[in-house]
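Q:
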Amino acid sequence: MAILQLLHASLPDKLSNIKTANYAQIPSWVSLSRKPNEFSLKAPQTQQGNLENVHLISLSKQGKLKEVQEFLQEMDRSNIPVTPQSYKHLLETCASLRCLRYGELVHDRIKRLGKNPPAFLENHVLQMYCECGNLSNARKLFDEMREKTLGSWVIIISAYAYEGLLENALALYLAMRDLDVKANPSIYISLLKSLSHFSYLELGKQVHCHVIKAGFTDNVSMDTAICNMYVKCGLLESAEWVFDLMREKNAIAWTAMMVGYTQADRAEDTLEFFRRMVRECIELDAFVFSITLKACAALEDWKMGGQVHGLIFKLGLESEVSVGTPLVDFYVKCRNLESASRAFERMTEPNDVSWSALLCGYSQIGEFEKCIKVFKSLRNEGVALNEFIYTSIFQVCSAFADLSLGTQSHGDAIKRGLISYLYGESAMITMYAKCGRLDLAYQVFELMDEPDTVAWTAMIAGYAYHGSASEALNLLNRMQASGVRPNAVTFVAVLTACSHTGLIEEAEQYLDSMNSKHGVEPTIDHYDCMIDAYARAGFLNKALDLINTMPFEPDAMSWKSLLGGCTIHRNFELGKIAAEKLLQLDPEDNAAYILMFNLHALSGRWGEAASVRRTMAERNLRKEIGCSWITIKGSVHRFIVGDRHHPQTEEIYSKLQELNFSDTIQEHALLSEEDDTSNILLERKDQLLVHSERLAIAFGLISTPTNTPVVVFKNLRACKDCHDFGKHVSMVTGREIVVRDSNRFHHFKSGKCSCSDYW
DNA sequence: CTAGGGTTAG
């Protein structure tokens, strides 16, 4: 027994589920050089060569194709015939190992055997070619076969259907009918599989009719296939109709229906089906769990998901990739990265899908460093990567504005053929745009065959970040002309572009016509954009009116936009109302306190300003540390306020002095998101002069050729003083300064900013 | 000879 186990352990995985008889115990030293009657085993004459054939089959079942080859030669030398049964096993092994080379050798031998090999053997050869993916050989054989059995038709039609070669599959099906060969359920099931797409719905219905006429309904597998075909075509009602009529329903039919519900955004129905399955004691397998977890993930229903996880644990399915991977994704979607990692670790054999689910989690939750680290180690270890992983990497590059890693990953993905059409390309558009390279973003966009809504939106949003409203609107027109329909996100980008450039009338028109002209229902995000547009432009009352009359309850963003406008345009009364409302909705919003503080400071209400600042200190608001960075020759230089760690610190500070920009007294009183608000006594002016973005700009000036723009990135919103600083520097040095803050790009040129001081 | 279900992304 132990030997057998050992032997099995050494078999290739693909073979481990093949049931083997005890042939393996026949030693390979069984000699062929002796004459049959010399065997100690008294083999009757009629069974001559039995032992050799048995041994051949044994070798074949162990996947030892090379030894098979050698043994065959030995058998040939001793004139021992190979039985058809042996050939059958050899062909099966070649098929399961996808080993076309040996398969062809076996086929050659069979051809040499005589003019009429048994039909069943030819079917095995056919099957071997199909499984090895060589359909042209398969077809050639099929056409030459003198005796085609029903099985031959099944094999070749299924192969075509499986490869998605619909026309070939259907042509053969029709040819078969012409020859009066009656199709069996297998053939219909294969055909239905290849018709599982909306564009083939009419054909699918016709095949369904043929199935009914042939009397094959009320067959579990058949009905399951029909059900699945309707699901994949998006006709859930038809699928339900078939499903409800099934007297006996297997797990596959249930799964198919659940997939349909989840795809149709009806995840609740999926979960209801799952509950029914549990109640009706249907056997739950890995497939059922994966779709159920997907539904839990879509609903972010961590309670239900947790219960499902419990069941998975009880059934001992946690270690399976097919369950573990969706489990990782479920926890990622519920923003529970800790459980996601734990689920990941419990899988015995994670695959590339598992890795991409995890990496996507890291990038979505903002664990960018971790994401890159894992990505690099996967690359080094030669683990299979996929296009999903690269999409996540592009997102990380966007967040870090890491053009260097972005372009490298782009090249890497091209080499591996892993830029996924649409998904990967759109992620790259965003990546290049957010790295300050609209030109490269546009190149990617231009090279796309058929950009879809998301790709157009990414490009429009790119122009919006950079404040190029006219290009953004232009692109929207081109998008519509090319027949791609804008969605809600597209309009957020369009309205943002308008808002950032003060195109009030245009914004109003787009908001008004969204629904009537484009069939996109406005959401609160669109109203917030409009409120922002009014507020920035100084139409504070219009902004307030919209807050009061829009068909949604105002959210934090609504009031924040109004408050921002009140600060720019110094409307204290309204600003106070907005600030109170905002802090009611989001007491943790650091920016809200800063805006409120600045509003009080601007009106000289120092008592109230100080009280805001005290509240901030007391609440110890968790906030991001402000930092700015610049990439010089591929390496990133990062600065925080008052940083003196850089090796060229002296040069940087003397450059700052040389720029000699003195801020006006009044603006010194204002707070920026970068200031250390936990210490209310700290002299603000000292901090201001050494804000991180100034350090980065100064470093950029001394480290780059004078004819190139200085491109600086910052994780927070640019403060008023530093914005003025940027304008000043672009004036006195004659250089273009580009700053990307958390909201958008600022292009400073000859003392002016592309944002027209509107940000 | 014999088919049918799932999980990752912009």
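Residue numbers for the first sequence follow the working numbering, beginning at 6 and rising by one. For glycine and all other residues, C-beta sits at the position ideal for the given N, C-alpha and C.
Can you give the beta carbon distance from Asn-139 to Pro-190, rounded, assuming they're within the 8 angstroms contact cut?
A: In fact, because the Cβ distance is near 27 angstroms, the residues do not count as touching under 8 angstroms.
Q: Under 7 angstroms Cβ to Cβ from Asp-290, same chain only, skipping five residues before and after it: list those, please.
A: Cβ within range, chain order: Ala-256.
Q: Let's test the definition: count the other Cβ atoms within 10 Å of the Cβ of Gly-220 and tell me whether it reaches 16, buried, or not, exposed.
A: So Gly-220 counts as exposed.
Q: Within its chain, find whatever has a CB closer than 8 angstroms to the CB of Cys-376; leave out the 5 residues flanking it on each side and keep chain order.
A: The residues are Leu-364, Tyr-367, Ser-368, Ser-397, Ile-398 and Val-401.
Q: Measure the Cβ-Cβ separation of Cys-94 and Ile-115 and say whether it is below 8 angstroms.
A: Per the sequence shown, the amino acid found at residue 94 is His instead of Cys. No.
Q: Near Phe-339, what residues of its chain come up, given a Cβ to Cβ distance below 6 angstroms and the 5 sequence neighbours on each side ignored?
A: In the sequence as presented, Phe is not what sits at residue 339; that position holds Cys. Answer for Cys-339: Glu-305 and Trp-307, listed in chain order.
Q: Is it true that the CB of Ser-504 sits closer than 8 angstroms to the CB of Asp-537?
A: Contact flag set, yes.
Q: Nearest to Glu-57 by CA position, among Gln-78, Gly-68 and Lys-71, is which residue?
A: Answer by Cα proximity: Gln-78.
Q: With H, G and I counted as helix, E and B as strand and the rest as coil, what does DSSP make of Thr-636?
A: Strand, per DSSP.
Q: Taking the alpha helix (DSSP H) that His-752 falls in, what are its first and last residues?
A: His-752 -> not in any alpha helix (DSSP H); beta strand (DSSP E) instead, spanning 750 to 754.
Q: Ends of the alpha helix (DSSP H) at Arg-610?
A: Per DSSP, Arg-610 belongs to no alpha helix (DSSP H) and is neither H nor E.
Q: Might you give, ordered along the chain, the residues of its own chain that have their beta carbon closer than 6 angstroms to the beta carbon of Glu-655, omitting 5 neighbours on each side?
A: Nothing meets the Cβ criterion.
Q: Out of Thr-636, Lys-218, Asp-228 and Gly-507, which one is the CA nearest neighbour of Gly-411?
A: Here the closest residue by C-alpha is Thr-636.
Q: Could you give the residue range of the alpha helix (DSSP H) that holds Val-715?
A: Careful: Val-715 lies outside any alpha helix (DSSP H), inside the beta strand (DSSP E) at 715 to 719.
Q: Taking 8 angstroms as the cut-off, decide whether the C-beta atoms of Tyr-395 and Ala-362 are in contact.
A: Result no, Cβ atoms of Tyr-395 and Ala-362 do not sit closer than 8 angstroms.
Q: Which residues does DSSP pair with Cys-758 in a beta bridge?
A: Answer is Phe-753.
Q: Does DSSP put Phe-279 in a helix, a strand or coil?
A: Helix.
Q: Within 10 Å of its beta-carbon, does His-650 have 16 or more other beta-carbons around it, so buried, or fewer, so exposed?
A: By the neighbour-count rule (16 or more Cβ atoms within 10 Å), His-650 is not buried but exposed.
Q: Quick one, are the C-beta atoms of Ala-460 and Leu-427 less than 8 angstroms apart?
A: Cβ distance < 8 angstroms, so Ala-460 and Leu-427 count as in contact.
Q: Could you tell me if Glu-424 is buried or exposed, where buried requires 16 or more neighbouring beta carbons within 10 angstroms of its beta carbon?
A: Note on identity: in this sequence residue 424 is Ile, with Glu being the wrong assignment. By the 10 Å Cβ count, Ile-424 comes out buried.
Q: What do you get for Cys-214, buried or exposed, if any count of 16 or more other CB atoms within 10 angstroms of its CB means buried?
A: Classification of Cys-214: exposed, given that the 10 Å Cβ count is below 16.
Q: Rounding to the nearest angstrom, what Cα-Cα distance links Leu-105 and Ala-474 in this structure?
A: Approximately 58 angstroms, taken between the alpha carbons.
Q: For Phe-221, is the beta carbon positioned less than 7 angstroms from some heavy atom of the ligand MN?
A: For the ligand MN, the structure offers nothing, since it holds no ligand at all.
Q: What's the C-alpha gap between Asn-603 and Lys-638?
A: So the two alpha carbons sit approximately 39 angstroms from each other.
Q: By DSSP's criteria, Ile-742 is part of a beta bridge. Which residues make up the other side?
A: For Ile-742, which the question treats as bridged, DSSP gives the partners Val-715 and Phe-753.
Q: Could you name the residues of the same chain whose beta carbon sits closer than 6 angstroms to that of Cys-760, not counting the 5 residues immediately before and after it, in chain order?
A: Excluding sequence neighbours, Cys-760 sits near Gly-472 and His-751.
Q: Check the C-beta distance from Ile-85 over to Gly-108 and give it rounded, since I have them as a contact under 8 angstroms.
A: Not really, about 22 angstroms apart at Cβ, beyond 8 angstroms.
Q: Measure the CB-CB distance between Ser-295 and Val-328 and report whether it falls below 8 angstroms.
A: Cβ distance < 8 angstroms, so Ser-295 and Val-328 count as in contact.
Q: Span of the alpha helix (DSSP H) holding Asn-482?
A: 474 to 486 is the span of the alpha helix (DSSP H), which, as asked, contains Asn-482.
Q: Check whether the Cβ atoms of Arg-648 and Leu-700 lie closer than 8 angstroms to each other.
A: It should be noted that the sequence gives Asp, not Arg, for residue 648. A contact, by the Cβ cut-off of 8 angstroms.
Q: Which of the three DSSP states is assigned to Val-489 in this structure?
A: Note: Val-489 maps to coil in three-state DSSP.
Q: In the DSSP assignment, what residue or residues form a beta bridge with His-215?
A: DSSP, once it has assigned bridges, lists no residue as partnering His-215.
Q: Under the rule that 16 or more other beta-carbon atoms within 10 Å means buried, what is Ser-755, buried or exposed?
A: Answer is exposed; the Cβ neighbour count stays below 16.
Q: Rounded to the nearest angstrom, what separates Pro-559 and Pro-592 at their Cα positions?
A: Spanning the two alpha carbons is a distance of roughly 16 angstroms.
Q: Got a sec, what are the start and stop residues for the alpha helix (DSSP H) Tyr-539 sits in?
A: That run of the alpha helix (DSSP H) goes 529 to 542.
Q: Closer than 6 angstroms by C-beta to Pro-89: which residues in its own chain qualify, once you throw out the five before and the five after it? Chain order, please.
A: Around Pro-89: Pro-123 and Leu-126.
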